[in-house]
Amino acid sequence: MSGAEFLVNETHGLYEPHGLKVLSDTSERVAQTNLEMCWAIDDWSKWRQAAHDIKAYTVAHLDQLLDQFARNLEQKGVTVLWAEDAAEANRLVLEIAKKNQVKTVVKAKSMLSEEIELNHTLSEHGITALETDLGEYIIQLAHQRPTHIVMPALHLKAAEIGQLFTDKLGEPFTAEHRELTMIARKRLRKEFLTADMGISGINFGVAETGSFCLIENEGNIGLSTTVPKVHVALMGIEKILPKLEHLPLFLNILPRMGTGQKLTSYTHVFNGPTQGREMYVILVDNGRTRMIEEPEFRTMLYCLRCGLCLNNCPVYRHVGAWAYGWVYPGPMGTVLTSNLVGLEKASSLPFASSLCGACSEICPAKIDLAHMIIRLRRKAIEQKTKARNLLDVFIWKGYAWAMRGKFRYKLLMTGMKIGMRFVPFLPWHPNKLGQWTRGRALPEIPKESSFRDWWKKREKK
Ligand code: SF4
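If you use the numbering used here, the sequence shown corresponds to residues 50 to 510, in order.
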């Protein structure tokens, strides 16, 4: 099933209420660390501007830079392949696997592989793909989707992970972080040693040198990419940098904004395969060149996938990732999904925003996400059917009427208060109210559903 179909047809499940609380608290804490990291840099605004300018140059010269990158990689003995869409990327990976009689794959974390639904394709062809990033490993065991682009298991507590390891792996229960990590490490170590192929993403490709860079904290990327005799690296075509001298800026920004670290534990720079091994780089378009042609959304291709706009988004913090319906959540997900999958399949996403602008304020690549979301709203309304527009007109006219007087307003509030009590009992609740409710639980309706009621009660005390 392709990502686009997934968006339309699948139920993503609902978070446990405490899972959303963990997600909200953790992302807020990480956001705070990220902000302190920014404030500690005197030249932070210059860093942001430089990152923005380098990415602007990159996107404006993408065809030349990609050609240069591919030529330099090939000179180093890397096989470079081009994929126009998800289906072609999957087909290329399968061909490499077939050629090398691959039965087992170890995977380093890659959002692009999630985007193209690679695990699904591999398993359909009898190939076992094991996620080796700790968060992804947990999510794979739990048969869930990542909750964050950097911290995939953000919504799970240690005790829940301990229970998962007991249920799925037969390990004695523990909620100790260190012990949980050791269980995963012991399990994964032998998989690295026996896997036929390793698959990774690419954080940055350098056109000038034909090198590519991956950063991590756990060591699993190092093992996935160097132990199996075949390494396949998937790269979204926008992940290129023109020169090696640009890399240090991004190596300083990404860990600070992604995980709140000055540097990750490991920085790998690949310069071709070692003796006796094969290395492939698959350059994946999957809708990106279409975005270049859209001046209103082109800057989205400057995204570093740091996840900072998620951590700072009040909507993401309340609904989590699954509610966004595809692999990319939060403000960056709203813009990427609408452009890559098509706004007609994601028309509710631009409205899942408070338009507070925190994402635009914080983005290290200076991507103005908030204004892009407003433009998407306009496009979504233009695309709506006449019937949907009439319904909107009816709702907003009614709202405008109610807001014109105190009595009318009270009447509307009372009507809504009574109406809301029946919502949980509706036969089609919660999955058939449209796409937006599939992955979102309705919050409990409070007894005092208006500020006015609450205030009156408070006055009486
Ligand atoms: S849009 Fe900006 S803040 Fe959000 S993930 Fe991309 S680079 Fe990070």
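Glycine included, C-beta positions come from ideal geometry on N, C-alpha and C.
Would you tell me roughly how many angstroms separate the C-alpha atoms of residue i and residue j, rounded to the nearest one?
i: Gly-126; j: Asn-438; result: 57 Å
i: Val-199; j: Lys-455; result: 48 Å
i: Phe-319; j: Val-442; result: 57 Å
i: Arg-501; j: Ser-387; result: 38 Å
i: Leu-298; j: Ala-100; result: 7 Å
i: Ala-132; j: Glu-209; result: 39 Å
i: Pro-221; j: Arg-238; result: 19 Å
i: Val-281; j: Asp-102; result: 30 Å
i: Gly-250; j: Ile-286; result: 12 Å
i: Leu-359; j: Ile-422; result: 14 Å
i: Glu-166; j: Ser-397; result: 23 Å
i: Asp-417; j: Pro-380; result: 10 Å
i: Leu-84; j: Arg-427; result: 31 Å
i: Arg-337; j: Trp-504; result: 51 Å
i: Trp-375; j: Cys-405; result: 23 Å
i: Leu-293; j: Leu-300; result: 11 Å
i: Tyr-106; j: Ala-449; result: 47 Å
i: Val-108; j: Phe-471; result: 51 Å
i: Ser-409; j: Lys-311; result: 22 Å
i: Asn-252; j: Gln-81; result: 24 Å
i: Lys-509; j: Ala-224; result: 46 Å
i: Lys-481; j: Tyr-315; result: A caution first: Lys-481 carries a pLDDT of 49, below 50, which makes its placement in the model unreliable, though a value can still be read off. Cα-Cα distance, rounded: 46 Å.
i: Thr-275; j: Pro-322; result: 9 Å
i: Lys-235; j: Met-465; result: 55 Å
i: His-317; j: Val-330; result: 15 Å
Could you round the C-beta distance between residue i and residue j to whole angstroms and report it? I think they count as a contact, below 8 Å.
i: Leu-190; j: Lys-217; result: 5 Å
i: Glu-345; j: Arg-424; result: 5 Å
i: Gly-520; j: Val-142; result: Only positions 50 to 510 of the chain appear in the structure, and residue 520 is not among them; the question remains open.
i: Met-160; j: Arg-305; result: Their Cβ separation, rounded to whole angstroms, is 19 Å, which puts Met-160 and Arg-305 out of contact at 8 Å.
i: Ile-289; j: Phe-118; result: 6 Å
i: Ile-302; j: Asn-361; result: At roughly 16 Å, the Cβ-Cβ gap does not stay under 8 Å, so Ile-302 and Asn-361 are not in contact.
i: Thr-170; j: Asn-139; result: 4 Å
i: Lys-415; j: Arg-120; result: With 8 Å as the limit, Lys-415 and Arg-120 do not qualify as a contact, their Cβ atoms being about 31 Å apart.
i: Leu-283; j: Ser-162; result: 6 Å
i: Ala-136; j: Glu-164; result: In fact, because the Cβ distance is near 12 Å, the residues do not count as touching under 8 Å.
Are there 16 or more other CB atoms within 10 angstroms of the CB of residue i, so buried, or fewer, so exposed?
i: Trp-445; result: exposed
i: Met-452; result: exposed
i: Arg-194; result: buried
i: Tyr-64; result: buried
i: Arg-227; result: exposed
i: Trp-371; result: buried
i: Tyr-351; result: buried
i: Met-246; result: buried
i: Tyr-365; result: buried
i: Thr-463; result: exposed
i: Pro-363; result: exposed
i: Val-384; result: buried
i: Ile-270; result: buried
i: Ile-467; result: exposed
i: Leu-389; result: buried
i: Asp-92; result: exposed
i: Glu-144; result: exposed
i: Ala-429; result: buried
i: Thr-230; result: exposed
i: Asp-334; result: buried
i: His-295; result: buried
i: Leu-272; result: buried
i: Leu-122; result: buried
i: Glu-431; result: exposed
i: Gly-175; result: exposed
i: Glu-77; result: exposed
i: Met-469; result: exposed
Thinking C-beta only, is residue j closer than 8 Å to residue i?
i: Leu-332; j: Val-129; result: yes
i: Lys-152; j: Thr-181; result: no
i: Leu-179; j: Val-154; result: yes
i: Ile-187; j: Leu-213; result: yes
i: Gly-254; j: Phe-261; result: yes
i: Lys-278; j: Arg-326; result: yes
i: Ile-248; j: Thr-313; result: no
i: Ala-256; j: Pro-291; result: yes
i: Leu-72; j: Thr-196; result: yes
i: Glu-185; j: Lys-206; result: no
i: Gln-124; j: Gly-259; result: yes
Are any of the Cβ atoms in chain C nearer than 8 Å to that of residue i?
i: Phe-214; result: Looking for chain C here will not work: only one protein chain is present.
Open item on the list: In chain order, what are the residue ranges of uninterrupted beta strand (DSSP E) at least 3 long that sit wholly in the region 116-151?
Closed with: 128-132
Task: Contiguous beta strand (DSSP E) assignments of at least 3 residues, all confined to the region 211-274 - done: 246-249, 253-255 and 260-265
Open item on the list: So within the region 351-379, which uninterrupted alpha helix (DSSP H) runs reach at least 4 residues, ignoring any that extend past its ends?
Closed with: 357-360 and 363-368
Task: beta strand (DSSP E) runs contained entirely in the region 148-210, provided each spans 3 or more residues - done: 153-156 and 177-180
Task: Runs of alpha helix (DSSP H) wholly within the region 407-456 (minimum 4 residues, chain order) - done: 407-411, 418-432 and 435-451
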